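Q: Numbering (the numbering used here), first residue to last: -6 to 47.
#1: Give me the residue from 34, 47, 41, 8 with the minimum Cα distance to residue 19.
#2: Using the Cα positions of residue 17 and residue 37, report the straight-line distance between them to the nearest angstrom.
#3: Per DSSP, which one or two residues make a beta bridge with residue 42?
#4: I need the boundaries of the alpha helix (DSSP H) containing residue 14, first residue and last residue.
#5: Where DSSP assigns a beta bridge to residue 5, which residues make up the other side?
Laid out in structure tokens, this is it:
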């Protein structure tokens, strides 16, 4: 199941959505060939933003 809608947005309503956002960012950064350090930075940023939103 793809957690994003057709516009590429991810709804953040619950703790489970934070996990989904981290997983999505991990998947995308891997596909884009980011280094492990840069992947970690992006995942951390997504996690912080998601937590602040929820």
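Where a beta carbon is used, it is the ideal one built from N, C-alpha and C, also for glycine.
Just so we're clear, the structure is a prediction, and the values are computed from it rather than from any experiment.
A: Put simply:
#1: On the chain shown, position 26 is the one that residue 19 refers to. Taking only the C-alpha atoms, the option nearest residue 19 is 34.
#2: The count along the chain shown starts at 1 and reaches residue 17 at position 24. The count along the chain shown starts at 1 and reaches residue 37 at position 44. Spanning the two alpha carbons is a distance of roughly 12 Å.
#3: Sequence index remark: in the chain shown, residue 42 carries index 49 (1-based). In DSSP, residue 42 forms no bridge with anything.
#4: Working through the chain shown from its first residue, we reach residue 14 at position 21. 8 to 24 is the span of the alpha helix (DSSP H), which, as asked, contains residue 14.
#5: Position 12 of the chain shown, counted from the first residue, corresponds to residue 5. In DSSP, residue 5 forms no bridge with anything.
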